[in-house]
Amino acid sequence: MMATAATNHRKWHTKSRNGCQSCKTRKVKCDEKRPSCRNCLKRGIKCSFLQADDTGTSTPAPVPSYLELELLHHFTISTASTLSTETQVRDLWRVIVPQIGFSTPYILNGILALSALHMARYNPARREFLLSQASLHHAASLTEALPLIPSITSENCTHLFLFGVLTLFFNMASPMKTDDILLVENRAVPEWLYLLRGIGTLVDADSAILSSSASLIFKAISPAGCWGVYPPKKHESLDELEKRIRIKTLGSLEKQTMLLGAVERLRQTYDFLSIKGPNDHDRLRAVYAWLFNIDDGYLKLLKNADSEALCVLAFFAILLKEFEKIWWIEGRAIHIIRQIYILSDDEYRLWIRWPIEEMGWMP
């Protein structure tokens with residue numbers, strides 16, 4: 001009987017070369033789904049299929065990645081509630097601001113950036129990835145918004161104001177860098193700070209913000225009403241700081257005026273916080289008030305790491321210490337004091353002895 005040869009059934013595979021560019025680079029199988037493959041959606045990156053589809057006759061709306069949806073969801077259910085102690089303001093952040101973001105990309109990117117920072121604090125396993133996503137969305141927000149600042153108008157001032165506030169929160173919440181001291185980033189005063197400080201002037205000329213959906217947010221950080229006429233308090237440490245500044249700047253009246261103006265604003269804030277009655281909302285607003293009312297000349301002194309200006313900032317850090325329970329302020333006061341101490345020589349370290357003692361920090 002003749003033996004029958006066994007038939008070798010081999011299953012052949014056809015290798016597709018039609019995957020997206022990202023999957024090809026990573027050498028992983030692409031499902032080739034459009035407008036975005038599943039791998040790119042999971043990783044939260046823009047799929048090359050989206051770019052290819054852009055050349056078609058129609059232009060579909062951008063498809064949000066799963067990560068972006070996750071960040072937006074986190075912002076609405078968690079992050080928004082940390083941005084104010086006032087229920088109405090929280091609701092604005094939770095509902096109205098995301099709605100504005102759907103038609104204003106730099107607002108939406110600002111929201112996603114802040115949400116990513118917030119998630120990173122409580123998710124150690126994904127911390128580095130979330131921080132990188134926060135930086136990407138923040139950079140995208142800056143790229144779109146900063147060119148608009150020189151030509152701010154009543155039509156875009158509300159959106160740019162929200163951008164400025166989101167960027168303030170982002171700046172405060174970001175991991176602290178050795179060379180940055182709150183108002184100065186890489187020896188430069190950030191443009192968003194000038195934006196926020198200039199919004200008040202714009203509102204005086206045009207009340208568009210006050211009649212907009214963001215009016216409660218503006219009022220929440222506006223210094224108006226924080227510095228009323230209160231019985232002057234005795235602040236021996238501020239008195240000593242002022243005395244030292246007067247002696248040290250005898251040869252420069254302009255510099256002296258800038259520094260003493262910042263000290264006087266601090267004195268007003270200290271007076272407001274020393275009275276009984278202000279709730280946490282108004283107390284934090286008083287801290288914003290100092291940021292928005294110091295002279296531009298003082299900011300330039302900080303930019304140049306001027307010793308006297310740094311000492312004044314050390315006295316401001318005490319105000320932040322009160323709000324350490326807020327996640328985007330936590331650790332900021334100690335960081336400021338530490339950096340000022342490092343930048344100061346022995347003479348100026350004596351100037352900031354009181355803030356150091358009040359902070360409970362040991363050099």
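Each residue of the sequence shown is one higher than the one before, counting from 1 in UniProt numbering.
We put the beta carbon where it would ideally sit given N, CA and C, even for glycine.
Every value quoted in this text rests on a predicted model; they were computed, and no experiment measured them.
> In terms of alpha-carbon separation, which member of E347, D296 and R353 lies closest to E236?
Replying inline: When E347, D296 and R353 are compared, the shortest CA-CA separation from E236 is found for R353.
> Along the chain, where does the alpha helix (DSSP H) that runs through H281 open and close?
Replying inline: Element bounds for H281: D280 to N293.
> Are the beta-carbon atoms belonging to W290 and R267 less than 8 Å from one another?
Replying inline: Cβ distance not < 8 Å, so W290 and R267 don't count as in contact.
> Cα-Cα, which of R349, Y298, M359 and F170 is closest to L260?
Replying inline: With respect to the C-alpha of L260, the residue from R349, Y298, M359 and F170 having the closest C-alpha is Y298.
> In three-state DSSP terms, what is D306?
Replying inline: Residue state, collapsed to three classes: coil.
> Around the Cβ of I340, are there at least 16 other Cβ atoms within 10 angstroms (buried) or fewer (exposed)?
Replying inline: By the 10 Å Cβ count, I340 comes out buried.
>> Quick check on this structure: which residue in H281, E242, S307 and L319 has the alpha carbon closest to the alpha carbon of D271?
In response: Residue L319 is the option with its Cα nearest to D271.
>> Mapping the DSSP letters down to three states, classify K325 as helix, strand or coil.
In response: When DSSP states are grouped into helix, strand and coil, K325 belongs to the coil group.
> Just to confirm, are H138 and T79 a CB contact at a threshold of 8 Å?
Replying inline: Cβ distance not < 8 Å, so H138 and T79 don't count as in contact.
> What do you get for T55, buried or exposed, if any count of 16 or more other CB atoms within 10 angstroms of its CB means buried?
Replying inline: With a pLDDT of only 45 at T55, under 50, the local geometry of the prediction cannot be trusted, and the value read off the model is given with reservation. A residue is called buried once 16 or more other Cβ atoms fall within 10 Å of its Cβ, and T55, having fewer, is exposed.
>> Is E358 near the ligand FMN - that is, is its Cβ less than 7 Å away from at least one heavy atom of it?
In response: Summarising the ligand content, the structure contains no ligands, and the ligand FMN is consequently not present.
> When the Cβ atoms of the region 124-138 are set against those of the region 94-106, are three or more pairs found closer than 8 Å?
Replying inline: The region 124-138 is not in contact with the region 94-106.
> So what's L168 in DSSP terms, helix, strand or just coil?
Replying inline: In this structure, L168 counts as helix in the three-state DSSP scheme.
> How long is the line joining the alpha carbons of P355 and L168, rounded to whole angstroms?
Replying inline: Taking the Cα positions, P355 is about 24 Å away from L168.
> Just how far apart, CA to CA, sit C23 and I336?
Replying inline: Looking at the two C-alpha atoms, the distance is approximately 44 Å.
>> Is the beta carbon of N109 closer than 8 Å to that of A140?
In response: N109 is positioned such that its CB atom lies closer than 8 Å to that of A140.
>> Can you tell me whether N18 is helix, strand or coil according to DSSP?
In response: N18 sits in coil when the DSSP states are folded into three classes, being neither helix nor strand.
>> Quick check on DSSP: helix, strand or coil for T87?
In response: In the structure shown, T87 sits in a helix (DSSP, three-state: H, G or I).
>> I'd like to check one pair, L114 with residue 364: are the Cβ atoms closer than 8 Å?
In response: Because the chain is modelled from 1 through 363, residue 364 falls outside the range shown and cannot be assessed.
>> For R246, count the other beta carbons within 10 Å of its own beta carbon; 16 or more makes it buried, fewer makes it exposed. Which is it?
In response: Label assigned to R246: exposed.
> Since L71 and A120 are thought to touch, with beta carbons under 8 Å apart, how far apart are those beta carbons, to the nearest angstrom?
Replying inline: Contact flag wrong, Cβ pair sits at about 11 Å.
> So, C311 versus W361, is the Cβ gap smaller than 8 Å?
Replying inline: No; because the gap between Cβ atoms is not below 8 Å, this pair is not in contact.
> What is the DSSP secondary structure of I152, reduced to helix, strand or coil?
Replying inline: Coil, per DSSP.
> Tell me which same chain residues have a C-beta within less than 6 Å of the C-beta of W93, skipping the five on either side of it?
Replying inline: Excluding residues within five positions, the ones whose Cβ falls inside 6 Å are A80 and L83.
>> Quick check: what's the CA-CA separation for T76 versus G19?
In response: If I take the Cα positions, the gap works out to 35 Å.
> Hey, quick one: how far does the alpha helix (DSSP H) through N109 stretch, first residue to last?
Replying inline: Note, N109: alpha helix (DSSP H), P105 to R121.
> Should R144 and P105 be called a contact, given that it needs their Cβ atoms to be closer than 8 Å?
Replying inline: Checking the displayed sequence, the identity of residue 144 turns out to be Glu instead of Arg. Going by C-beta atoms, E144 is nearer than 8 Å to P105.
> With 16 other CB atoms within 10 Å as the buried threshold, where does P60 fall?
Replying inline: Reliability fails at P60, whose pLDDT of 47 lies under 50, so the model's placement of it is uncertain and no value is given.
> So, using beta-carbon positions, are V95 and I217 closer together than 8 Å?
Replying inline: It is not a contact, given that the beta carbons lie outside the stated cut-off.
>> Taking the straight line between their C-alpha atoms, what separation do you get for L343 and P363?
In response: Here the alpha carbons of P363 and L343 stand approximately 13 Å from one another.
> Can you tell me where the alpha helix (DSSP H) with R338 in it begins and where it stops?
Replying inline: Run containing R338: R332 to L343, per the alpha helix (DSSP H) assignment.
> The alpha helix (DSSP H) with H138 in it runs from where to where?
Replying inline: Under the DSSP assignment, H138 falls in the alpha helix (DSSP H) whose first and last residues are R127 to A145.
>> Check this for me: beta carbons of L238 and V263, under 8 Å apart or not?
In response: Their beta carbons are under 8 Å apart, which means L238 touches V263 by this criterion.
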